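**Student:** Numbering of the sequence shown is given in this note's numbering, commencing with residue 9 and proceeding in unit increments.
Backbone N, C-alpha and C fix where the C-beta goes; we use that ideal spot for every residue, glycine too.
Note that the coordinates shown come from a computational prediction; the quantities given were computed from them, not determined experimentally.
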Amino acid sequence: MKVAIKDANIIFDLYEMDLLESCLGLDFDFITSDFVNSEIKTETIKLIINEYKLKKIISIESLDAEQLTEAFQINLEQPGLSIPDCSVIILAQKHNAIILSGDKALRNKAKQSGIEYHGILWILDTLIEYNRISKDTAFTKLKELMKTNKRLPVSECNKRFENWSNK
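1. Taking contact to mean 3 or more Cβ pairs, one atom from each stretch, closer than 8 Å, check whether the segment 25-40 and the segment 60-79 are in contact.
2. Whose C-alpha, out of Q86, C165, F80, Q75, is nearest the C-alpha of I130?
3. How is the alpha helix (DSSP H) around I107 delimited, first residue to last?
4. Check whether the segment 34-49 touches the segment 144-151, counting contact only when three or more Cβ pairs, one atom from each stretch, lie closer than 8 Å.
5. By Cβ distance below 7 Å, which residues in the same chain neighbour A79 in space, the five residues on each side in sequence not counted?
6. Quick check: what's the CA-CA separation for G88 versus R115?
7. Measure from the alpha carbon of K102 to the alpha carbon of each residue in L22, E74, G127, then state which is nearest.
8. Please say whether R168 and D144 have beta carbons closer to each other than 9 Å?
9. Cα separation between S163 and K54?
10. From the DSSP output, read off the bridge partner residues of E69.
11. Do you know how far the Cα of K10 is from the Cα of D111?
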């Protein structure tokens, strides 16, 4: 089973799309850091995360002293990355895992560090591939997300719309 490290923005997007639980049902060991978890303020999301934590579907890890020092060092070198972002990088390296996030600075650091990285579009593709959602559902959910999430790559979204329309 592949390990996926989640960042807060992907958790928020999945929740807004009502797909967080579908995503957590994929065949991955999901991990996030306590720093990322502390960014989650919405009670409903906290309850979902805690429920899946109890089911051992997602785990929340803390950095040890050495990793924490490394996180602060990365943050000093790349101030565009928050400490929670840095914790995601460190956990991905520790677990040889992929990062799930929509954060550009985090994506760039992952690429620079040789870490596999995917965003919400890949998650939607994967949910379709594993029959967690239909193409119609993905189409509708992505249309809704595009109204509020202006950082999505429009050309890539349009490719999906075309693909998902051609059943």
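**Tutor:** Quick answer:
1. yes
2. The identity of residue 130 in the sequence shown is Trp, whereas the question assumes Ile. That would be C165, whose Cα lies nearest to the Cα of W130.
3. Note, I107: premise wrong, no alpha helix (DSSP H); beta strand (DSSP E) at 106-108.
4. Taking a contact to require three or more Cβ pairs closer than 8 Å, the segment 34-49 and the segment 144-151 do not qualify as touching.
5. L71, I91, C94, S95, I98
6. 11 Å
7. Closest option to K102, Cα to Cα, is E74.
8. The answer is no: Cβ separation not under 9 Å.
9. 33 Å
10. S41
11. 21 Å
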